[in-house]
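Asker: From first to last, the protein sequence lines are chains A and B. Be aware that the first sequence starts at 6, since it is given in my numbering, and climbs by one per residue. Be aware that the second sequence starts at 0, since it is given in my numbering, and climbs by one per residue. Here a beta-carbon is modelled for each residue, glycine too, at the ideal position from N, C-alpha and C. Sending over a structure as structure tokens; questions will come in a sec.
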Amino acid sequence: GAVVSQHPSRVICKSGTSVKIECRSLDFQATTMFWYRQFPKQSLMLMATSNEGSKATYEQGVEKDKFLINHASLTLSTLTVTSAHPEDSSFYICSSTSGGARVNEQFFGPGTRLTVL
Amino acid sequence: ELKVEQNPLFLSMQEGKNYTIYCNYSTTSDRLYWYRQDPGKSLESLFVLLSNGAVKQEGRLMASLDTKARLSTLHITAAVHDLSATYFCAVDMDSNYQLIWGAGTKLIIKP
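Spelled out as structure tokens, the structure:
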């Protein structure tokens, strides 16, 4: 099956610093990747859709200058939380579609738990 | 605006019992997905339902889709403790593969 990895799985940082989260498709080429955030006991909230080689499409209310997304290759997308603040603490999850026979299905990375002190 | 509603949001049940989780959505769509999430973990794909009348089964879980009623069900048969998790349904908003998520159903199965 399609495998998506994320790194790091957990990060703690000081307020004002920037954090980069990597999302990799391990056994397929991911033309499109999605970035979500999830607060405790809540559903997923789509932050942005990332297409390889082009600018990400951000959802309403998501600051593109704060959450920088780069999708430079077909297997790697990165999310950088710039000047992080405690309210940015959340569970960040990436996903991708694999194409082929399972073209309509999203596969999720294991998630990154960000804690901003 | 496409909305997806799940119910119940919380379900506590005994092992061996049957139950159904419902997922209603507000706009025409023929692609619906069910995912499972364990505490502190990411999402695991359970079922992909791509047409009206689609029914899929895996072990004690069975999912169905009625696009005319805009309703999907996830049925649990003879529940076991290992099925305790939060279950999400999600609907394709358009061909861009963006998903609109239900709020999730937290399922607790007591031995």
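At what residues does the beta strand (DSSP E) containing residue 47 of chain B begin and finish?
Answerer: 42-48
Asker: Which full runs of the beta strand (DSSP E) of 3+ residues lie inside the stretch 26-79 of chain A, going along the chain?
Answerer: 37-43, 49-56 and 72-78
Asker: In chain order, what residues of the same chain lie with their CB nearer than 6 Å to the CB of residue 4 of chain B, ignoring the 5 residues before and after it?
Answerer: 23
Asker: Contact check, residue 98 of chain B vs residue 19 of chain B under 8 Å by CB: the rounded distance?
Answerer: About 22 Å separates the two Cβ atoms, so there is no contact after all.
Asker: Quick one: what does DSSP say residue 92 of chain A is sitting in, helix, strand or coil?
Answerer: If DSSP states are grouped into helix, strand and coil, residue 92 of chain A belongs with the helices.
Asker: In angstroms, rounded to a whole number, what distance separates the CA positions of residue 41 of chain B and residue 89 of chain B?
Answerer: Roughly 15 Å between the two C-alpha positions.
Asker: How do the stretch 16-24 of chain A and the stretch 39-52 of chain A stand: do at least 3 beta-carbon pairs fall below 8 Å, yes or no?
Answerer: no
Asker: May I have the straight-line CA-CA distance separating residue 34 of chain A from residue 9 of chain A, to the nearest angstrom?
Answerer: 11 Å
Asker: Would you please verify whether the beta carbon of residue 44 of chain B is less than 8 Å from any beta carbon of chain A?
Answerer: yes
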